[in-house]
Structure formats: C-alpha cells, structure tokens
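Presented below is the structure to which this report refers.
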Ligand code: ADP
Ligand code: MG
C-alpha cells in the first residue's frame, strides 16, 4: 500500500526535538532563541531539472538541499538552529525518501541543526528549505561592509562543480577518480559554517558563492559601493582543475556556480585573524585581490593584463540566453 502523507512525515521526518521547544506535528514549531540574539533566516528552493539532475543520488540530493541553505547561514556568520522542509513529490516513493532523509539528516546532525516542520504535497519534485540561525546583534556578516583597501579572500577551491557540469554536458572528458571528485564537489558541497562564525569581527563583508565568483562578487561590490581588483593566478583550484585547458579553468573559476565557498573582505590588518579563522575551521583561505574605491571590477591575468569581462555575468534564472 502506498504511504500516506502523515505516515510519510512520521516515518522519515519526525524525530525527537533537541533544542526546539516543539517540533514536527503541531501547527507551528516553537524555537528557543537565546535571549538578546538575532534570528538569521534564509530560504532556498531546488527544482528538478533546474538545480539538480533527475539522475542524482537521493542521499546526495538531501545533503545538497540542506547544504546550500547552511551556506547562507555561514555567509552571515550565524549559528545554525533549526530548519523547515517543504517537499513536492511526484509519488511517495520510499526508495527515494529513505536515502533522501538519511543524507539530509546526517548533514543536519553534523551541524546541530534540527528539522522542526515543513509541508508535503504531491507535485513535480521540488525541495524548499528555510533555515534559522542565531547571531549576536551587530555581528552578522553583511554583503554591504567591504571598504576600499580591504583584501578579498575565498575559502577552499573554486570551479570543480562547474567542471562536473561540463563533464555531464559532454564538453570535457573526465574519467575515473577525476570525474568522481568533480561530481562530489557539485553534489555534496560542504557549507563553511565554522569559518563564517570564526570570521565574525574579522571580515568586513561576506557572501557565499552560489552563482559564480564574478556575479557574487558583483553583489558585494554593488551593496558596498566599491570596486575590486582580482588576481586570476591567485584563484585557488584543485589539481584536477589546474590540469584542464586555460580557457576552461577561467570559465570554471570566474563563472562556475555551485561552489558554496565563502568570498569575504577583511582589512589588511586582519590578515592574521583571517588565517587563524581558516585554521580554526580547518578550511584553506586564499587572498585573491583587493577592494578599490573606484567602482568596477578588474581581473588581471598572470601577466598583469586586465581581462575583457564583457559577456561574463553571474547566473540569472530569468536572463535571456
Ligand atoms: P498544516 O495542516 O498545519 O499545514 P500539515 O498537516 O501540513 O500541517 O503538517 C503536519 C505536521 O507535519 C506539521 O507540524 C508540519 O510542520 C509537519 N511537516 C509536514 N511536512 C513535513 C516535512 N516534509 N518535514 C518535516 N515536517 C513536516
Ligand atoms: Mg501543510
């Protein structure tokens, strides 16, 4: 017999609450927010065929759905607290739901964030998650805080997720462990929550990289009212990406989406603090450029020549192709 809506929720998504006062099962969940802290809230929607391929492993999909939301808390320097899950499912398929819930809840447990509610309906596979986090007033990292003279940094390595996408599209041939590595970067990104928290009071601005470096940096520059100069040769890349043709590397590094690394600005005097935050979080941090008073973005290649950036832009769901 097919699983009904409430049996499905009970079976896969209802667990004893840990920190919340009330979880799945009532009209509202009740969160305990520590007195004096601000609630950080973010939401992301993942639609089959747009954000993920129908062939993706359900456990990895569960991981990624929560990871992209945790990445927003990370970019704000917020501490994860709770999340809700809205699911549209073509059918109540246990072979999908069991690994999906396992991948989702395993990442939730790693970050001490609990599932407190949601909504479940029949429909084309769509996953909406809203995350709630805590942050001391005035300490959240914003996109608007970059100042001229700040250094620009990124965490981890960029571009492997885009490399995987190109492999799926057939524009690049990757085999064996190389393909698996790129695919892991695309399907199971690691949200930089500990780094975001450690950057409170150190970074002046931050954003998580979801739509490509140039586009996401553009948001920081616009909101901060500044410009930037980037050093292309400094952009951190995996040995796998470094072995690809130069033009492909450039595309993956500058315009590849789905990195879920943090891009942040910090005063030069905080460079040691940035390195200490990276070390404490166990994540590589790399200086990639600087913030300028003149608006606009200049990317210099290894020879110091400015790249022609016309025609490059971040991903936009509604942009004409
Ligand atoms: P309502 O009628 O108030 O919308 P529902 O009947 O949709 O409530 O949901 C019943 C309970 O199950 C609620 O507490 C809701 O938060 C929870 N819930 C529904 N879907 C999910 C889900 N996918 N994950 C977690 N909790 C869910
Ligand atoms: Mg409902």
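In this note's numbering, the protein residues as written are 420 to 740. We treat Cβ as the ideally placed atom computed from N, Cα and C, and that holds for glycine.
Quiz item: Under three-state DSSP, which class holds residue 532?
Solution: coil
Quiz item: Under three-state DSSP, which class holds residue 545?
Solution: strand
Quiz item: In terms of DSSP beta bridges, what is residue 436 paired with?
Solution: Note: residue 436 sits in no beta bridge, so no partner.
Quiz item: For the ligand ADP, is there a heavy atom less than 6 Å away from the beta-carbon of residue 536?
Solution: yes
Exercise. Inspect the CB distances between the stretch 481-499 and the stretch 609-628 and report whether three or more fall short of 8 Å.
Key: yes
Quiz item: Span of the beta strand (DSSP E) holding residue 612?
Solution: Where residue 612 is concerned, there is no enclosing beta strand (DSSP E), although the alpha helix (DSSP H) it sits in stretches over 612-617.
Quiz prompt | Test item: CB-CB of residue 541 and residue 678 under 7 Å | solution = no
Quiz item: How many Å lie between residue 423 and residue 523 at the Cα?
Solution: 21 Å
Practice problem: Run the proximity test for residue 540: is its beta-carbon closer than 6 Å to any non-hydrogen atom belonging to the ligand ADP? | Solution: no
Practice problem: State the beta-bridge partners of residue 551 as determined by DSSP. | Solution: 460, 501
Quiz item: Taking 6 Å as the cut-off, is the CB of residue 446 close to at least one heavy atom of the ligand ADP?
Solution: yes
Quiz prompt | Close Cβ partners of residue 417 (< 6 Å) along its chain, the five nearest in sequence each way excluded | solution = Any question about residue 417 goes unanswered here, given that the chain covers just 420 to 740.
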